[in-house]
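Chemist:
Numbering (full-length UniProt numbering), first residue to last: 1 to 199.
#1: Closest by CA to residue 60, which one among 91, 49, 140, 87?
#2: Kindly list the residues whose CB is nearer than 8 angstroms to the CB of residue 170, restricted to its own chain and excluding five residues on each side of it in sequence; keep chain order.
#3: Alpha carbon to alpha carbon, how far is residue 55 from residue 48?
#4: Using only the alpha-carbon positions, how far apart do residue 35 and residue 42 sit?
#5: With a cut-off of 8 angstroms on the beta carbons, I'd call residue 146 and residue 63 a contact; round off their distance for me.
#6: Do residue 58 and residue 50 have their C-beta atoms closer together than 8 angstroms?
#7: Can you look up residue 146 in the DSSP assignment and give me helix, strand or coil?
Below is the structure:
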């Protein structure tokens with residue numbers, strides 16, 4: 001079986017690929033706002049400095065968990081006193097074991113002004129932009145920093161562990177034979193094991 005392709009007389013037009021210019025392919029669509037910043041000094045480790053902050057330095061992200069926020073856990077200092085007659089009557093009934101029956105509603109809604117203040121201090125609800133601003137790779141470390149983590153211990157990472165070489169046939173936890181004992185075992189002339197024939 002054979003195939004023959006004849007392309008004589010058929011001229012294909014060059015296909016123009018619809019694409020981006022090479023120079024604009026990697027640029028973002030948003031216009032860049034380049035600003036001029038004054039440099040006070042230059043540090044070999046941090047680079048250009050404006051005051052005490054490096055120009056290219058981003059502040060570390062810190063996320064404080066809601067349950068550890070002191071703003072939400074603050075208890076109200078306002079104590080509402082019931083009218084003297086009701087309070088005395090309630091304590092007498094509790095101490096004597098009597099029950100006081102009232103006709104009407106037993107639930108008295110009390111609005112505390114400090115609750116509104118605490119809610120306002122907690123901040124507004126998070127928006128989609130807030131979630132996009134936090135990189136996924138940095139979320140865990142930021143949450144730990146919010147809970148009081150200071151970062152990895154530099155002393156423990158700088159200590160070099162001593163690498164121990166194991167023999168080829170040694171398992172985990174096995175100790176290699178000392179050089180002297182190894183030489184003593186190899187120097188023995190009588191390495192053969194006697195065989196005894198049994199009937």
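From the three backbone atoms N, C-alpha and C, an ideal C-beta is built for every residue, glycine too.
Modeler: Taking the definition as stated:
#1: 140
#2: 176
#3: 6 angstroms
#4: 19 angstroms
#5: 5 angstroms
#6: no
#7: helix
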